[in-house]
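For reference, the structure discussed in these notes is given below.
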Amino acid sequence: MKIVYSTDQVYLHGGIEKVLAQKLNYLVNVPNFEVHLITTEQKGNPFCYPISDKVFHHDLDVNYNRTKSYFSPVNFKKIPKHIKKLKNKLKEIKPDVLIVCNYAFDFFFIPFISAGIKTIKEFHASRYYYIKELANATILNKLMFRINNKIEKKYSHIVLLNDDEKKYYSSNNLEVIPNAICGIKFKSGVERKNIVIAAGRMAKVKQFDHLIKAWGLIANEFLDWKVQIYGEGDDIILNELNNLINDLAIPNIQLMGATDKLEEKMVESSIYALTSATECFPMVLLESLSCGLPVVSYNCPHGPRNIITNGEDGILVNHNEIETVSAEIANLIENSEKRKIMAENAINNVKRFNETHVMEKWINLFKE
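When the letters of the sequence shown are read in order and numbered with the UniProt record's numbering, they come out as residues 1 to 368.
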């Protein structure tokens, strides 16, 4: 069976890229599977996560301008080139299954150039806010929503990360397959440091400003503790966060930049914090639980509640309640025994997302 994954790039660190690399590395070792990765703008960069040499990589060299909207004139004029190159590549490979990972122009035209191929569209982000704001959206945005709905129905399958997302789609081709975790990362005997850790791309939706403000309320009470936030992304957001830390004069909080050793950093830490506006099924929560970290997280739409068992392996806080996040972090800092119990529960609970179990669902979907 020939399987093709289509995405924009795999050189910037992010959840989608990490999940994609994980799937590629698993599937390439399934007997009788031939796995291909098509990118539009890898630009000669190395992969941000290890990908097996057995995966065939094809870059179309379309190179959309990522600093502008996909619908800007400079990008719009590249669509014909993209369609032609992708169509030719699919004719060359002759895949049985084609999976679209990201949300770019190929989403719109793949169903129309892939006759005889099973097409699957993965959605990694929650549609909660998109639907919530639709009532007050512009006519153009409402039209785009209708177009999206019609195109989604052209795919063989739409794969969502949790059951809560189903209510935002009108298609009858929906499947739910969560992200997977590759084994337990916790190592007994590793000394935990007094660190509250968080990670994600520097983007507005991640609301790292909420975590900074929450820490600011208690930082002076716990001067032997610190907060470390890992991630890269929007320089404007990064500057805003740095300015917030300086303006509030908050001690012991650091913006660490990107790292390819996040799991090592998690294993050394004591608490994970998540204050995003929305998270569909965040890999960082799976990773933190597998590292034996108790979690304090907003109960945002809709991923955390599908991963964390409230009060058992983490704490779910009402959305956007900064003071409550602060109080729950303080409670865990002061209660090492509670952290220890939650860490044990986290390691046991995350096993339900083990890689073999989740990837069997994908393989069964491919073979349907």
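Even glycine gets a Cβ: it sits at the ideal position worked out from N, Cα and C.
Requested in this report: Rounded to whole angstroms, what's the CA-CA distance from Ile-315 to Thr-309? Just pull it up for me.
Outcome: One-based indexing of the sequence shown puts residue 315 at position 315. One-based indexing of the sequence shown puts residue 309 at position 309. One C-alpha to the other measures close to 8 Å.
Query raised in the report: Is the beta carbon of Leu-285 less than 8 Å from the beta carbon of Ser-297?
Result: Counted from its first residue, the sequence shown places residue 285 at position 285. Counted from its first residue, the sequence shown places residue 297 at position 297. Yes, the Cβ-Cβ distance between Leu-285 and Ser-297 is below 8 Å.
Query raised in the report: Just reading off the beta strand (DSSP E) that Glu-122 is part of, what are its end residues?
Result: The residue given as residue 122 occupies position 122 in the sequence shown. That run of the beta strand (DSSP E) goes 118-122.
Query raised in the report: If you run the structure through DSSP and keep just helix, strand and coil, what is Gln-9?
Result: As a working mapping, residue 9 is identified with position 9 in the sequence shown. DSSP places Gln-9 in coil when its eight states are reduced to three.
Report task. Please name the residue, chosen from Val-317, Glu-312, Asn-65, Cys-291, that lies closest to Gly-183 on a Cα-to-Cα basis. Result -> Within the sequence shown, the letter at position 183 stands for residue 183. The shortest C-alpha separation from Gly-183 is found at Cys-291.
Query raised in the report: Apart from the five residues on each side of it in sequence, which residues of its chain come closer than 6 Å, Cβ to Cβ, to Glu-152?
Result: Along the sequence shown, read from residue 1 onward, the residue named residue 152 stands at position 152. Once the five neighbours on either side are set aside, the close Cβ partners of Glu-152 are Ile-158, Ser-171.
Query raised in the report: In terms of residues, what are the limits of the alpha helix (DSSP H) holding Ile-89?
Result: Position 89 of the sequence shown, counting from 1, holds the residue named residue 89. The question names Ile, but residue 89 is Lys in the sequence shown. Residues 79-93.
Report task. For Ala-249, count neighbouring C-beta atoms within 10 Å of its own C-beta (all shown protein chains included) and say buried if the count is 16 or more, exposed if not. Result -> Taking the sequence shown and counting its residues from 1, the one referred to as residue 249 is at position 249. Exposed, because fewer than 16 other Cβ atoms sit within 10 Å of the Cβ of Ala-249.
Query raised in the report: Distance, Cα to Cα, Asn-75 vs Leu-24?
Result: Taking the sequence shown and counting its residues from 1, one reaches residue 75 at position 75. Taking the sequence shown and counting its residues from 1, one reaches residue 24 at position 24. Spanning the two alpha carbons is a distance of roughly 28 Å.
Query raised in the report: Counting along the chain, where does the alpha helix (DSSP H) carrying Glu-175 start and finish?
Result: Your numbering for residue 175 matches position 175 in the sequence shown. Premise fails: Glu-175 lies in the beta strand (DSSP E), 174-176, not in any alpha helix (DSSP H).
Report task. Say whether the region 158-169 touches the region 232-249, bearing in mind that this needs 3 or more beta-carbon pairs closer than 8 Å, one atom from each stretch. Result -> no
Query raised in the report: Is it a yes or a no for the region 109-125 touching the region 58-67, going by three-plus beta-carbon pairs under 8 Å?
Result: no
Query raised in the report: Which same chain residues, not among the five before or five after Val-190, have their C-beta less than 6 Å away from its C-beta?
Result: Along the sequence shown, one-based indexing puts residue 190 at 190. Closer than 6 Å at the Cβ level, and outside the excluded window around Val-190, lie Val-267.
Query raised in the report: What did DSSP end up calling Met-359 once you bin it into helix, strand or coil?
Result: Position 359 of the sequence shown, counting from 1, holds the residue named residue 359. Looking at Met-359 - three-state DSSP - the assignment turns out to be helix.
Query raised in the report: In this structure, what does DSSP give as the bridge partners for Asn-310?
Result: Counting from 1 along the sequence shown, the entry for residue 310 is found at position 310. Beta-bridge pairing links Asn-310 to Gly-314.
Query raised in the report: What first and last residue would you give for the alpha helix (DSSP H) that runs through Gly-216?
Result: Translated into the one-based positions of the sequence shown, residue 216 becomes position 216. Run containing Gly-216: 208-216, per the alpha helix (DSSP H) assignment.
**Report entry** Supposed close pair Lys-193, Ser-270 - CB separation, criterion 8 Å
**Finding:** As a working note, residue 193 is residue 193 in the sequence shown. As a working note, residue 270 is residue 270 in the sequence shown. Indeed they touch by this definition, with Cβ atoms about 7 Å apart.
Query - Sheet register partners of residue 396 (DSSP bridge) - result: No answer is possible for residue 396: the residues shown for the chain start at 1 and end at 368.
Report task. Give the straight-line distance between the Cα atoms of Arg-146 and Phe-107, rounded to the nearest whole angstrom. Result -> The residue you call residue 146 lines up with position 146 of the sequence shown. The residue you call residue 107 lines up with position 107 of the sequence shown. One C-alpha to the other measures close to 14 Å.
Query raised in the report: Are the region 45-60 and the region 15-35 in contact at 8 Å, needing three or more beta carbon pairs?
Result: yes
Query raised in the report: Taking Cβ positions, are Gly-241 and Phe-208 nearer each other than 8 Å?
Result: On the sequence shown, position 241 is the one that residue 241 refers to. On the sequence shown, position 208 is the one that residue 208 refers to. One point to set straight first is that residue 241 is Leu, not Gly, in the sequence displayed. Contact flag set, yes.
Query - Segment contact, 8 Å Cβ cut-off, at least three pairs: the region 36-45 with the region 133-141 - result: no
Query - Residues bridged to Ile-271 (per DSSP) - result: As a first step, residue 271 must be located in the sequence shown, where it is residue number 271. Ile-271 is bridged to Val-196.
**Report entry** Cα-Cα separation, Gly-311 to Ala-343
**Finding:** Position 311 of the sequence shown holds residue 311. Position 343 of the sequence shown holds residue 343. Those two C-alpha atoms are separated by around 12 Å.
Query raised in the report: Can you tell me whether Ser-72 is buried or exposed, with buried defined as 16 or more other CB within 10 angstroms of its CB?
Result: As a working note, residue 72 is residue 72 in the sequence shown. Counting Cβ neighbours within 10 Å, Ser-72 comes out exposed, since fewer than 16 surround it.
Requested in this report: Would you decide whether Asp-53 is buried or exposed? Buried here means 16 or more other CB atoms lie within 10 Å of its CB.
Outcome: Mapped onto the sequence shown, residue 53 falls at position 53. Exposed.
Requested in this report: Have a look at the DSSP bridge pairing and note the partners of Ser-297.
Outcome: Within the sequence shown, residue 297 is the residue found at index 297, counting from 1. Looking at the DSSP assignment, Ser-297 forms a beta bridge with Leu-274, Leu-316.
Query - Length of the line joining the Cα atoms of Asn-320 and Tyr-129 - result: For the purposes of this step, residue 320 is identified with residue 320 of the sequence shown, where counting begins at 1. For the purposes of this step, residue 129 is identified with residue 129 of the sequence shown, where counting begins at 1. Whole-angstrom Cα-Cα distance: 14 Å.
Requested in this report: Provide the residue(s) that pair with Asn-354 in DSSP beta bridges, ordered along the chain.
Outcome: For this step, residue 354 is matched to residue 354 along the sequence shown. For Asn-354, which the question treats as bridged, DSSP gives the partners Ile-181.
Query raised in the report: For Val-4, which beta-bridge partners are listed by DSSP?
Result: Indexing the sequence shown from 1 puts residue 4 at position 4. Val-4 pairs with His-36, Leu-98.
**Report entry** Boundaries of the alpha helix (DSSP H) in which Asn-283 is found, first to last residue
**Finding:** If you number the sequence shown from 1, residue 283 lands on position 283. The sequence as given places Met at residue 283; Asn does not occur at that position. It spans 283-290 - the alpha helix (DSSP H) in which Met-283 sits, taken as one unbroken run.
Report task. Report the rounded CA-to-CA distance for Asn-349 versus Asn-88, giving the unit in angstroms. Result -> On the sequence shown, residue 349 is found 349 positions in, with the first residue counted as 1. On the sequence shown, residue 88 is found 88 positions in, with the first residue counted as 1. Taking the straight line joining both Cα atoms gives about 45 Å.
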